Structures are given as C-alpha cells and as structure tokens.
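Q:
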Amino acid sequence: MPELPEVETIARGLAQRVVGDVIESVWLGSKPEPLKSSAQEIATTLEGARIQSVRRVGKHIVFDLERPPTSAKTRTSKSARRTSRKNSPDNRRVRAKTPAEPVEIANWIVHLGMTGQLLVCPPDAELAKHTHAIAKLASGRELRFVDPRRFGRLSVVRSQNGFETAGVEPLDVSFDAFVPLFRKRKLPMKSALLNQKLLRGVGNIYADESLFRAGIRPRRRAATLSREKLCLLYKSVQQVLQEAIAAGGSSISDYVGAEGEPGFFQMQHRVYGREGEPCLNCGTAIKRIVIAGRSSHYCPHCQK
DNA sequence: AGGTTGACCTGGACGC
DNA sequence: TGCGTCCAGGTCAACC
Numbered sequence: 041m042p043e044l045p046e047v048e049t050i051a052r053g054l055a056q057r058v059v060g061d062v063i064e065s066v067w068l069g070s071k072p073e074p075l076k077s078s079a080q081e082i083a084t085t086l087e088g089a090r091i092q093s094v095r096r097v098g099k100h101i102v103f104d105l106e107r108p109p110t111s112a113k114t115r116t117s118k119s120a121r122r123t124s125r126k127n128s129p130d131n132r133r134v135r136a137k138t139p140a141e142p143v144e145i146a147n148w149i150v151h152l153g154m155t156g157q158l159l160v161c162p163p164d165a166e167l168a169k170h171t172h173a174i175a176k177l178a179s180g181r182e183l184r185f186v187d188p189r190r191f192g193r194l195s196v197v198r199s200q201n202g203f204e205t206a207g208v209e210p211l212d213v214s215f216d217a218f219v220p221l222f223r224k225r226k227l228p229m230k231s232a233l234l235n236q237k238l239l240r241g242v243g244n245i246y247a248d249e250s251l252f253r254a255g256i257r258p259r260r261r262a263a264t265l266s267r268e269k270l271c272l273l274y275k276s277v278q279q280v281l282q283e284a285i286a287a288g289g290s291s292i293s294d295y296v297g298a299e300g301e302p303g304f305f306q307m308q309h310r311v312y313g314r315e316g317e318p319c320l321n322c323g324t325a326i327k328r329i330v331i332a333g334r335s336s337h338y339c340p341h342c343q344k
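Residue 79 in the working numbering is what sits at position 39 of the first sequence, and the numbering runs on without skipping anything.
1) At the level of alpha carbons, what is the spacing between R260 and V160?
2) If you run the structure through DSSP and keep just helix, strand and coil, what is L273?
3) Using CA coordinates, which residue listed in H100, C271, S77, E106 is at the minimum distance from T205?
4) In angstroms, rounded to a whole number, what distance separates the CA positions of Q278 and L211?
5) If contact is defined by three or more beta carbon pairs under 8 Å, each pair taking one atom from either stretch, is the segment 140-154 in contact with the segment 184-194?
6) What does the Cβ neighbour count give for D315, buried or exposed, with the cut at 16 atoms within 10 Å?
7) Quick one: measure Cβ to Cβ for I245 and E48, integer angstroms, because I've assumed they're closer than 8 Å.
8) Per DSSP, which residues does H341 bridge with? Please list them.
9) Quick check on this structure: which residue in V97, S266, D187 has the alpha carbon closest to the alpha carbon of E209?
10) I need the boundaries of the alpha helix (DSSP H) containing G232, first residue and last residue.
11) Beta carbon of E64, beta carbon of K226: below 8 Å?
12) Report yes or no: do three or more beta-carbon pairs, one from the segment 161-176 and one from the segment 233-244, lie closer than 8 Å?
13) Within a Cβ cutoff of 8 Å, which residues of the same chain sit near E317, ignoring the five residues on either side of it in sequence?
14) Can you tell me whether DSSP reads I245 as helix, strand or coil?
15) Considering just the uninterrupted stretch of the alpha helix (DSSP H) at T324, what are its terminal residues?
16) Enumerate in chain order the residues of its own chain whose CB-to-CB distance from S124 is below 8 Å, with the five nearest sequence positions on each side excluded.
17) Exposed or buried, N201, counting other C-beta atoms within 10 Å across all chains shown (16 or more means buried)?
18) What residues in its chain sit with their C-beta under 8 Å from that of R334, if we drop five residues either side in the sequence?
19) Rounded to a whole number of angstroms, what is the C-alpha to C-alpha distance between I91 and A178?
20) What is the DSSP secondary structure of Q157, reduced to helix, strand or coil?
21) Over what stretch of residues does the alpha helix (DSSP H) that includes D104 continue unbroken?
22) Compute the distance between the beta-carbons of I145 and E87, then report whether it is under 8 Å.
23) List the whole-angstrom C-beta distance separating L251 from Q343, where the pair is believed to meet the contact cut-off of C-beta under 8 Å.
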C-alpha cells in the first residue's frame with residue numbers, strides 16, 4: 041500500500057540504480073488491465089529511450105525519458121523537409137538559434153496501486169508470479185513490474201509539458217494555499233485528505249496519523265475547522281510524511297524496495313492498525329470506524 | 001455538482 | 001486439512 045513516503049523511497053532507490061541506463065526492449069504481459077496507454081504506445085515510447093531521472097509526483101513514479109535523434113539521416117531529411125516547406129527569413133532565424141536538434145522527451149508513469157512493485161534484477165532472477173512488464177536495460181539488468189492485485193497502472197506521456205496531475209504536493213504547498221482546499225467542503229476531513237485532487241500522495245495510513253496528531257476526528261466536516269486547527273493539520277501532515285520518508289516508508293505486507301529488500305523500518309503508527317489498543321497519549325482505547333469504505337482509526341478522547 | 005458507495009483484484013488471516 | 005468468508009485500500013464509475 042504505497043503512499044507518498046513509500047513511493048518517494050522507491051523512486052529514490054530506482055533513481056540510484058537506473059538513471060543513465062537505456063531501455064533496450066520491453067515485454068508486456070497479456071493481461072491488459074495494468075496498461076492505461078496502449079501496449080504499442082508504451083513499447084515504442086520506452087524502447088531506445090535513456091532514463092534521465094526518476095521522481096515522484098503524488099503517488100506516481102515518473103521516469104523522465106530522452107531519446108537521442110534516431111539517426112543523422114532522418115534528422116537531415118526532416119529538417120530539409122521543413123526548410124523547403126517554410127523558407128521565410130523568420131523561420132531561418134529561429135532555426136539558427138537552436139543549432140542542435142532537440143531530443144525527444146517523454147514520461148513513463150507507473151502507479152503501484154496497492155501491491156505493485158518495481159524491481160531491478162539480474163536477467164536470470166526467477167520470474168515472480170504476476171509479473172506484468174519487463175524492461176530490458178542496456179546494462180544487462182531488468183526492470184520488472186510485479187503486481188498481484190493489478191491495481192497498478194502503466195502509461196506514457198509524450199506531451200511537451202510532461203506529466204501533471206491535479207492536486208498539490210503536501211510537502212511543497214504553502215499554508216495559505218492549503219487552507220482554501222478545505223474551506224467550503226462539507227465532507228469528512230478523512231475523505232478530504234484522501235482526495236488526490238486536493239492533496240496528492242496522502243493515503244489511508246498517513247491520513248489517520250495526521251488527523252491524530254492534529255487532534256481532529258476523521259468524521260469532522262472539513263468546513264467546520266478553524267484556521268488554527270487547519271494550521272495544526274498542515275504541520276501534522278508534513279511532519280508525518282517527512283518522518284515516514286526519513287524512516288524509508290511504512291513496511292507493511294508486500295511493500296519492498298527497488299531490489300526487493302523488505303528491510304525498511306516500520307514507522308511508529310500511533311493509531312493506524314491499533315484498534316482497541318491504548319492511546320499513547322491518554323490510554324483510551326483506539327476506535328476503528330469506516331468512512332467512505334476505508335477503515336479509520338482515532339482516539340475518542342484526544343481527537344475532537 | 002459535491003459527496004458517497006461499490007467494483008475492481010488477489011492473498012492472507014481467521015473460523016468452523 | 002480444507003473450505004468459505006472477510007479484509008486490506010487506490011481509484012474510478014455510478015449513484016444519490
């Protein structure tokens with residue numbers, strides 16, 4: 041169940057291992073579910089591309105790809121065509137300013153869903169069940185996408201602007217931009233935190249933990265929170281996420297790092313998964329309720 | 001239209 | 001042992 045800290049950890053691990061490598065070929069499994077773009081589109085975008093960087097956007101892992109101009113021959117023919125078609129002096133001046141043909145840029149987007157993993161392995165490593173995609177790298181290694189429950193998604197973006205999603209990054213947003221996200225909303229605060237179109241990257245675990253630290257009940261309507269309470273929540277969300285990133289994410293069930301190592305430190309959850317156990321502040325039993333189909337944990341005494 | 005619910009999917013835990 | 005049932009939760013379509 042990768043949320044922002046887990047995806048951040050995975051993206052950093054992948055960056056260390058695969059940046060600079062070139063994707064030579066791609067194999068995509070027969071099941072179409074994990075693909076948001078067509079298999080054809082993914083394959084043609086990835087094959088031959090160099091991985092320039094790996095980063096996180098919300099809960100998405102983004103590979104920035106660049107492809108050198110395919111060959112000198114195509115390049116000359118393309119530019120020749122363009123010059124002959126538009127031969128105005130203006131056009132020539134623009135071309136003169138950019139002597140090098142720009143490289144093609146694209147993004148490979150991976151959403152891990154609930155159980156997705158991206159593994160860097162030697163080619164002879166045993167093929168895990170539910171392997172849906174394999175990218176063979178020029179270094180000889182393979183980048184494998186494994187996802188038993190198939191909630192994960194693969195896609196490619198070729199637009200000039202690159203990949204973007206709605207919502208703001210909780211670790212980048214200013215308090216002044218944070219407040220209006222919740223101001224006129226009647227939904228429970230828990231649901232608001234999970235809404236990726238408002239804040240991107242917060243999932244069930246860190247929503248519960250943030251609300252606990254801010255002393256806010258998960259069912260509390262967003263619009264009823266004072267500016268002071270929102271300030272507490274703002275700080276709590278950032279604190280929880282930063283602590284979790286520092287710890288390498290919460291290691292639960294099938295969450296593992298880029299080489300399959302399971303050894304991340306368990307984050308100190310104060311309410312999540314602690315139903316019936318005493319609150320670490322006051323000793324009251326932690327309650328579990330269901331909001332929007334998600335289990336939510338809170339202390340009835342500390343959270344109002 | 002904003003808010004809420006259920007379907008998707010599989011493996012693991014649990015009860016009988 | 002083995003089967004059935006429930007639960008996990010990210011996202012989206014469909015509903016209220």
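Yeah, the Cβ is synthetic: ideal placement off N, Cα and C, and Gly gets one too. Just so we're clear, the structure is a prediction, and the values are computed from it rather than from any experiment.
A: In short:
1) 43 Å
2) helix
3) Selected option, being the one with the closest Cα: H100.
4) Spanning the alpha carbons of Q278 and L211 requires a straight line of approximately 6 Å.
5) yes
6) Residue 315 is actually Glu in this sequence, not Asp. Classification of E315: exposed, given that the 10 Å Cβ count is below 16.
7) The Cβ separation is near 14 Å, so there is no contact.
8) H341 is not bridged by DSSP to any residue.
9) V97
10) Looking at the sequence shown, residue 232 is not Gly but Ala. From DSSP, the alpha helix (DSSP H) with A232 extends over 229-234.
11) No, the Cβ-Cβ distance between E64 and K226 is not below 8 Å.
12) no
13) A325, I326
14) helix
15) Element bounds for T324: n/a, residue is neither H nor E.
16) Residue confidence is low: S124 scores 38 on pLDDT, short of 50, so the model does not pin down where it sits. Its coordinate-derived value is still stated next. Correct list: empty, nothing qualifies.
17) exposed
18) K230, L234, N244
19) 11 Å
20) strand
21) Taken as a continuous stretch (DSSP letters only), D104 belongs to no alpha helix (DSSP H), being part of the beta strand (DSSP E) at 100-107.
22) no
23) 7 Å
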